[in-house]
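Single-structure report; data block below.
There are 2 protein chains.
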Amino acid sequence: MAEAVGVSHAAVSYAYNRPDKLSQQQRSRILAVAAELGYPGPNPTGRSLRTGKVGALGLILTDSLPYAFEDPGVALLMRGIAEVGELAQVALTLLPAPLEAVPAAASLDALLRGVVDGFMVYAMPDRHPVLDSVLRRRLPVVTIDGPALEGHSRVGIDDRGAAREAARHLLALGHRDVAVLVSRLSPDGRSGPASHSRIAHARDRVMKARVKGYRDAFAEAGVGVLPVVEAGGFSAAQSRAGAEMLLDTRSVTAVLAATDVLALALLDAAAGRGLRVPEDLAVIGFDDLPAAAVAGLTTVRQPMTQKGQEAARLLLNTINGTPGTHLVTLPTELVVRGSTGEPTTGSTASPH
Amino acid sequence: MAEAVGVSHAAVSYAYNRPDKLSQQQRSRILAVAAELGYPGPNPTGRSLRTGKVGALGLILTDSLPYAFEDPGVALLMRGIAEVGELAQVALTLLPAPLEAVPAAASLDALLRGVVDGFMVYAMPDRHPVLDSVLRRRLPVVTIDGPALEGHSRVGIDDRGAAREAARHLLALGHRDVAVLVSRLSPDGRSGPASHSRIAHARDRVMKARVKGYRDAFAEAGVGVLPVVEAGGFSAAQSRAGAEMLLDTRSVTAVLAATDVLALALLDAAAGRGLRVPEDLAVIGFDDLPAAAVAGLTTVRQPMTQKGQEAARLLLNTINGTPGTHLVTLPTELVVRGSTGEPTTGSTASPH
DNA sequence: CTGTTAGCGCATTCAC
DNA sequence: GTGAATGCGCTAACAG
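So the protein lines, in turn, are chains R and E. Mapping the first sequence onto our numbering, position 145 (from 1) lands on 145, and the numbers just tick up by one. Plus 1000 on top of the position in the second sequence (first one is 1) and you've got our numbering.
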């Protein structure tokens, strides 16, 4: 503390944080000297150590960060988080969540080192190693669409119920030959038709819940078969490949796409084959991304931005000492646009 | 340090950070006790205070954070940053940059408190108060498309040259009645036709440079008039309003849109009026966002992701002690698609 | 190999 | 009002 130039130590601290505890004159003199000496003001790290607060919320996304920015849904989520973060004057720290393949010790470290006041965990598959690391930090945690963590708040939607509603819509229109397209059921890179067992052991809770919802509706209606195809991941390339694969292997009048990204890829793939939507192929998505409206996609709307807001608010509250854990379930809504209609008598979407 | 349970203080630290400096047995014993006691491992804040490093890169965006997530270009930039950051095992911290209107003292504080090892500043207008705060921190800084800061590295493109090339393309096609649409010249919310003086005093360097480039080409060609219309901001809504305004007030055969977001809005607005592109209206954008390819937009490609990568690398190097400041200028390229063509003899795009 | 010592920069007591 | 002392949790350097 080089500010021995006149006054003593704590006075400097007061000058910055407690203007009331110092004489006006003293304060401005200190600030002037500081400016002259190029003293940058209280060091945030020192302050954090002392106060125990950092002023940053950590956000952990599945898979690698770089990919996350490809996902329009993530952007909406972050927007919501940023809105309340900005109001509360806290920063948003994106933590690099290591891929599962990486040896735990090496890169989970980075996460453990993250200087934040709490974590938000988005769409993490069950039993992902990162969860242990997060829990070990003993900081406030809020999961979003993630696993329910003992003693921590969670925000999400009723994925199963919403998916059920989407499937009912298709059934009501008369579709019986329907397939499901999901991004992935477990983070192991596998793609292609998914067996019952694979679905039963799915680690991606959101995808699993949506598949369950679709099946609920078909079971209700007494329509037995509902094949599930897995794209293998969330990226645009994987989504497109999954769409092509489904169209290659299945002869259906409609597809239940578990995300809008998949549905949009399906629309492209269908157009590439000269299939008319919805006459030859009806498509229903999930999420209601901005692009869905443009494409005229029938889909399930979920309030992604609000999800982010809620999560950030919940986390902030916990950080600030409000006790209690909350489970917030946000509403969804089926949005019917032009990509769904009654099936034509002969299915023209045939294999190859 | 409650770990007086057997060994002494620093040994615990070694157990976590320097396995080689401890006997295998000692180490595992410490770790076992830690697990039992629920000791979360070394506290990141304490470590940071001691080592002087945090493990996080700060990113400061113009205007408010929430809006930034609406901008597809920002997503690409962050993607690049995240790629490098993930490799280097550092987190990315998004700092809330206060709006200019807000009284400086209040919210610049949050920024000063940001616990990071260095800053990346994106597209900051000249003389924005946030710059002072950043500089005051005396941490490494890299600006992206931002003002050139004395002694700090910078990455950008040749906006003026690239814009010149875009304008030349239009001139070569035979267009003479052309208008420029920019998002904003200064962050004061003004929209509408921009006077020469307003352009000359523009604080948004990127927009200003592009306008200059457009003008260069028209001056070269001896075509005098090149009206500039300002949308007032970057948002989708403002872009659309700006596009409508331009179409309302100007009778032109082509528009030089200073960003793809504006160009895309223009395409929509034109479609809404039944104008054919490029026959009735030629449009050229800037950035080459993914959406530009889909829309068949002629535009200037700039490597946004690479911008992020370079900036992050530069910052990381500086943080790690590599001396020197660098000015990196990335290449651009004119991408001709379907939105530009020769003007038809009679301009059909008439006011109202 | 192991334990001890000494700050990193700060905010908060408490005494004056 | 102001100044001096204390400890937040850690790691680097040194001494055993």
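Backbone N, C-alpha and C define an ideal beta-carbon position, used for all residues, glycine too.
Item                                                                                                                                                                                  : Value
Would you say R:F69 reaches chain E, if we count a Cβ-Cβ gap shorter than 8 Å as a contact?                                                                                           : yes
Can you give the Cα-Cα distance for E:G1213 and R:V206, rounded to whole angstroms?                                                                                                   : 49 Å
Across the segment 1317-1333 of chain E and the segment 1262-1280 of chain E, are there enough close Cβ pairs to call them in contact, namely three or more that are closer than 8 Å? : no
Between R:L112 and R:R137, is the Cβ-Cβ spacing less than 8 Å?                                                                                                                        : yes
Contact between the segment 162-173 of chain R and the segment 125-142 of chain R: three or more CB pairs below 8 Å?                                                                  : no
For chain E, check one thing: does any of its Cβ atoms lie closer than 8 Å to the Cβ of R:T62?                                                                                        : no
Does at least one heavy atom of the ligand HEM sit under 7 Å from the Cβ of R:D20?                                                                                                    : With respect to the ligand HEM, the structure offers nothing, as it holds no ligand at all.
Give me the Cα-Cα distance between E:E1086 and R:S64, rounded to the nearest whole angstrom.                                                                                          : 8 Å
If we count the other Cβ atoms within 10 Å of its Cβ and call it buried at 16 or more, is R:D159 buried or exposed?                                                                   : buried
Considering only the beta carbon of each residue, do E:A1254 and E:A1295 sit closer than 8 Å?                                                                                         : no
Nearest chain R C-beta to E:T1329 closer than 8 Å, yes or no?                                                                                                                         : no
Any beta carbon from chain E within less than 8 Å of R:R79's own beta carbon?                                                                                                         : yes
Let me see if you follow: with CB-CB separation under 8 Å, is R:R18 close to chain E or not?                                                                                          : no
From the DSSP output, read off the bridge partner residues of E:V1142.                                                                                                                : E:M1120 and E:S1153
For R:I319 and E:A1202, what's the separation of their Cα atoms in angstroms?                                                                                                         : 42 Å
For the segment 242-267 of chain R, list every residue whose C-beta sits within 8 Å of some C-beta in chain E, in sequence order.                                                     : none
Could you spell out the range, first to last residue, of the alpha helix (DSSP H) harbouring E:L1135?                                                                                 : P1129 to R1136
Should the segment 1179-1196 of chain E be regarded as contacting the segment 1229-1246 of chain E, the criterion being three or more beta carbon pairs within less than 8 Å?         : yes
So the candidates are E:R1250, E:V1261 and E:E1342; which of them puts its Cα closest to the Cα of E:S1239?                                                                           : E:V1261
Give the DSSP bridge partners of E:R1113, in chain order.                                                                                                                             : Its beta-bridge partners do not exist; DSSP assigns none.
Just checking my contact of R:P278 with R:T340 at CB under 8 Å: how many whole Å lie between their CB atoms?                                                                          : 5 Å
Quick one: any contact between the segment 34-49 of chain R and the segment 67-76 of chain R, if contact means 3 or more CB pairs under 8 Å?                                          : no
How would you label R:V12, buried or exposed, when you count the other beta carbons within 10 angstroms and need 16 or more for buried?                                               : buried
Rank R:R301, R:V7, R:V115 and R:H152 by C-alpha distance to the C-alpha of R:R47 and give the top, closest one.                                                                       : R:V115
What do you get for R:H352, buried or exposed, if any count of 16 or more other CB atoms within 10 angstroms of its CB means buried?                                                  : For R:H352, the predicted structure reports a pLDDT of 41, less than 50, and the residue's modelled location is therefore unreliable. A value from the coordinates is still provided. R:H352 comes out exposed.
Enumerated in chain order, which unbroken segments of the alpha helix (DSSP H) with a length of 4 residues or greater are wholly contained in the segment 1289-1347 of chain E?       : 1290-1295 and 1304-1319
Check the Cβ-Cβ distances between E:R1313 and every residue of chain R, and say whether any is below 8 Å.                                                                             : no
Applying the criterion that 16 or more other CB atoms from any shown protein chain within 10 Å of the CB defines a buried residue, is R:E150 buried or exposed?                       : exposed
Cβ atoms of R:T305 and R:L76: under 8 Å apart, would you say?                                                                                                                         : yes
If we count the other Cβ atoms within 10 Å of its Cβ and call it buried at 16 or more, is R:A91 buried or exposed?                                                                    : buried
Assign E:D1117 to one of two classes, buried (16 or more other C-beta atoms within 10 Å of its C-beta) or exposed (fewer than that).                                                  : buried
Could you tell me the alpha carbon to alpha carbon distance between E:S1195 and E:G1285, rounded to whole angstroms?                                                                  : 22 Å
Taking the alpha-carbon positions, what's the R:M245 to R:R190 distance?                                                                                                              : 13 Å
Whose Cβ in chain R lies nearer than 8 Å to the Cβ of E:S1235?                                                                                                                        : Near E:S1235 there are no residues of chain R at all, since even the closest Cβ is about 12 Å away, more than 8 Å.
Going straight from the alpha carbon of E:G1324 to that of R:T51, what length do you get?                                                                                             : 36 Å
Name the chain R residues whose beta carbon is nearer than 9 Å to that of E:A1082?                                                                                                    : S64, L65, P66, Y67, A68, F69, L94 and P96
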